[in-house]
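Those protein sequence lines, which keep their order, are chains W and E. All the letters of the first sequence, read from the start, carry residue numbers 928 to 1171 under this note's numbering. All the letters of the second sequence, read from the start, carry residue numbers 119 to 359 under this note's numbering.
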Amino acid sequence: MNMITFSKVNKWFGDLHVLKDVSLTVDAGEVVVICGPSGSGKSTLIRCINRLEEIQKGEIIVDTMKVHEKKTNMTELRAEIGFVFQSFNLYPHMTALDNVILAPIKVRKMPKGEAEKLGMQILERVGLANKASAYPAQLSGGQQQRVAIARGLCMRPKIMLFDEPTSALDPEMINEVLDVMRALAREGMTMIVVTHEMGFAREVAHRVAFMDEGSIIEVASPEEFFHHPKSERSKAFLSKILTH
Amino acid sequence: MDSEASHSPRGSLRPQRRNMLSIHFTQLMQSLPFFFKGLWGTIAVSGLSLLAGTVVGLLWGILRASRYRTLRIIIGAWVDLIRGTPFLVQIFIAFFILPEVGIQLEAFPAAVIALSNLSACFICEIIAGGILAIPSGQREAATASGLSSYQQLRYVILPQALRVILPPLVGQYVLLIKDSSVVSAIGVLDVTRVGWLTVQRIPEGLLVFGLVGVLYFVICYPLIQLSNSLEKRLTVVTTRL
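The structure is reproduced here in structure tokens:
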């Protein structure tokens, strides 16, 4: 079953053509890793899924909702999609628990007590139940990013999107975040992950999509992509990223 | 007021002058109730104006920091216009010129309207500045989790912006209370007007306007202290976060 469908999606920033006829389908329960050089449109692509960015041409369908149509109820759509940012973007004036339960209470209209119970369960899942009352500034980068993931999960979303979730982290903190993501993938969450963590892609992704200059150049299983990349551009990219 | 002080010998004053001064001082003390009436006038005009100015300024500030381009431009132009003209002129327009086009206002409401508008303009800039100082990632995170524009503002943006906004806001209140002295020019009975009326009876400018100054200071000083302590407290909180 298709969970996310892009058909011939085009986007411009002014004169800059950042997405060129992008088509891609992601099945329910599938984990797709998007990689490619910086400026290739990876982040823009996933930001279009919950309409943090508007597209100018083409169609994006999430579940049964038409994201490209103006009249689509965005609140309903966004409630179904968890989004994790490179820079965490936790609310600095709220505790970890309050960060996690804000949307369930305000968007899902969940009673506070119930939301707190759910929030604690989910913080437990990312290994941070003991940090529930800490403020973001009191947490390490890895812990903040796990709270951010918990914030997405607390809405019980159908899809989780990750925009370079480990790029802003110190190397020793990357794994604690990837572990949470691995666990999510095993539980069958539909995920799109923009990342440079090729180890994670190889191990967790069902498919890898390679983007360059606003187009999807190649979509393949991790084995195929890493061992037999088809296009010259993905070969060049892989040789750069895998040698160090 | 300590009456001892005025009787203390001052070498530079001739005996007659000293006598007159003490008579004038006694007269001034007798007109204290009149000054308190003026003080009440100042408190009423600035209190009402600051209240209205804060509500309107908050609304304008939110719109000025919003994505509605036309509203942003209109409010920006109005704010520039008001900030770029003397308050005395604005209050003359409200009181003397508006009646020409059929809008008749008493001195007191004209003063409150003009000062509210002035307050709203300055407060609008402080609010908009505070909102725009919040990193865009905050709004994106709130958007992505499905919060409506109002909810984003209410739960994510404003609580953070208030830390930036409060100290200069209270500081602005002090400036506006002092600006309210201009309303005496259209005959509103505030402390400054009481000063003008009294000095015609008691020709001791320094004494009379010294008292006027003291009364303003008594209102403003606690606010200055509040602004300072807010600045300290909120900065501490922000660095902790």
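Here a beta-carbon is modelled for each residue, glycine too, at the ideal position from N, C-alpha and C.
Starting from the C-beta of residue i, find all residues in its chain whose C-beta is less than 6 Å away, skip the five residues before and the five after it, and write them out in chain order.
{"i": "V174 (chain E)", "result": "A238"}
{"i": "E1145 (chain W)", "result": "F1137, K1157, S1158, S1161"}
{"i": "F152 (chain E)", "result": "V312"}
{"i": "V949 (chain W)", "result": "F933, V936, I1143"}
{"i": "L176 (chain E)", "result": "I245"}
{"i": "Y240 (chain E)", "result": "The identity of residue 240 (chain E) in the sequence shown is Phe, whereas the question assumes Tyr. Correct list, in chain order: Q290."}
{"i": "V1120 (chain W)", "result": "V960, F1089"}
Nearest CA to the CA of residue i: which residue from the options?
{"i": "A279 (chain E)", "options": "E:L169, E:S164, E:S299, E:A183", "result": "E:A183"}
{"i": "V163 (chain E)", "options": "E:I295, E:G220, E:A259", "result": "E:I295"}
{"i": "K1044 (chain W)", "options": "W:I1168, W:V989, W:L1024", "result": "W:L1024"}
{"i": "G1141 (chain W)", "options": "W:I931, W:F940, W:H944, W:M928", "result": "W:H944"}
{"i": "R257 (chain E)", "options": "E:F226, E:L271, E:I245, E:G247", "result": "E:L271"}
{"i": "R1052 (chain W)", "options": "W:A1147, W:R974, W:Q1013, W:V1107", "result": "W:V1107"}
{"i": "I931 (chain W)", "options": "W:L946, W:F940, W:N1000, W:D954", "result": "W:D954"}
{"i": "D198 (chain E)", "options": "E:Q222, E:L223, E:A170, E:N235", "result": "E:N235"}
{"i": "K1058 (chain W)", "options": "W:I982, W:T1022, W:G1040", "result": "W:T1022"}
{"i": "V1135 (chain W)", "options": "W:G963, W:F940, W:N929", "result": "W:G963"}
{"i": "L315 (chain E)", "options": "E:R201, E:S149, E:F143", "result": "E:S149"}
{"i": "S167 (chain E)", "options": "E:A232, E:I283, E:V336", "result": "E:A232"}
{"i": "L951 (chain W)", "options": "W:G941, W:C975, W:N1000", "result": "W:C975"}
{"i": "N1026 (chain W)", "options": "W:P1038, W:A1042, W:R1129", "result": "W:A1042"}
{"i": "Y1018 (chain W)", "options": "W:T999, W:R978, W:A1064", "result": "W:A1064"}
{"i": "I192 (chain E)", "options": "E:E322, E:S345, E:W178, E:L348", "result": "E:W178"}
{"i": "E1091 (chain W)", "options": "W:Q1013, W:S1166, W:H1155", "result": "W:Q1013"}
{"i": "N1016 (chain W)", "options": "W:A1077, W:F1127, W:W939", "result": "W:A1077"}
{"i": "F940 (chain W)", "options": "W:M928, W:A1095, W:N977, W:K984", "result": "W:K984"}
{"i": "W158 (chain E)", "options": "E:S299, E:L324, E:E322, E:L181", "result": "E:S299"}
Leaving out five residues on either side along the sequence, give the residues of the same chain with a beta carbon under 7 Å from the beta carbon of residue i.
{"i": "T1093 (chain W)", "result": "I1101, V1104, L1105, T1122, E1124"}
{"i": "G1079 (chain W)", "result": "G1009, F1010, V1011, M1087"}
{"i": "A1132 (chain W)", "result": "V958, V959, V960, P1149"}
{"i": "K947 (chain W)", "result": "N937, G1141, S1142"}
{"i": "I342 (chain E)", "result": "V292"}
{"i": "S1173 (chain W)", "result": "The structure shown does not extend to residue 1173 (chain W), since chain W is modelled only from 928 through 1171, so no value can be given for it."}
{"i": "V301 (chain E)", "result": "V163, I209, A229, L233, D308"}
{"i": "G328 (chain E)", "result": "none"}
Tell me which residues share the same chain as residue i and place their Cβ nearer than 8 Å to its Cβ, disregarding the 5 neighbours each side in the sequence.
{"i": "C338 (chain E)", "result": "V292, I295, K296"}
{"i": "A1006 (chain W)", "result": "A1030, V1034, R1035, M1082, P1084"}
{"i": "I320 (chain E)", "result": "H142, Q145, L146, S149, V326"}
{"i": "K350 (chain E)", "result": "none"}
{"i": "L276 (chain E)", "result": "I249"}
request  = Scan the stretch 1011–1024 of chain W for residues whose Cβ lies nearer than 7 Å to a Cβ of chain E and list them as they occur along the chain.
outcome  = F1012, S1014, N1016, Y1018, P1019, H1020
Does the stretch 257–272 of chain E touch the stretch 1022–1034 of chain W, meaning 3 or more C-beta pairs lie closer than 8 Å? yes
Task: Where the stretch 247–265 of chain E meets chain W: residues whose CB sits under 7 Å from a CB there - done: G255, Q256, E258, A259, T261, A262, S263, G264, L265
### Message
Which residues of the stretch 987–1012 of chain W have a Cβ closer than 7 Å to any Cβ of chain E? Give them in chain order.
### Response
T1002, R1005, A1006, F1010, F1012
| message | Within 8 Å, do at least three Cβ pairs link the stretch 247–263 of chain E to the stretch 984–996 of chain W? | response | no
- chain E contacts made by the stretch 953–979 of chain W, where a contact means CB separation under 8 Å: N977, L979
Quiz item: Mind pulling the alpha helix (DSSP H) runs of 4 or more residues that sit fully within the stretch 1061–1087 of chain W?
Solution: 1068–1080
Worksheet entry | Any alpha helix (DSSP H) of 4 or more consecutive residues that is wholly inside the stretch 989–1063 of chain W | 1001–1006, 1023–1033, 1039–1052
>> At a CB distance below 7 Å, what residues from the stretch 272–285 of chain E approach chain W? Give them in sequence order.
In response: Y273, V274, P277, Q278
Which complete alpha helix (DSSP H) runs does the stretch 128–160 of chain E hold, if anything under 4 residues is left out? 133–148
*asked:* Please identify, using Cβ separations under 8 Å, the residues of the stretch 1076–1087 of chain W that lie next to chain E, in order along the chain.
replied: R1078, G1079, M1082
Item to complete: Could I get the ranges of all uninterrupted beta strand (DSSP E) runs contained in the stretch 252–318 of chain E, with 3 residues as the minimum, in chain order?
Response: none
Margin query: As an exercise, report each continuous alpha helix (DSSP H) stretch of at least 4 residues that is fully enclosed by the stretch 208–256 of chain E, in chain order.
Written below: 225–250
Q) Of the residues that make up the stretch 1025–1039 of chain W, which ones have a beta carbon closer than 8 Å to any beta carbon in chain E? A) L1029, A1030, K1033, V1034
Note to self: Quick check for students: name the residue ranges of the beta strand (DSSP E) that lie wholly in the stretch 1079–1157 of chain W, counting only runs of 3 or more.
What the structure shows: 1086–1090, 1117–1121, 1134–1139, 1142–1147
Members of the stretch 207–228 of chain E near chain W, C-beta cut-off 7 Å = none
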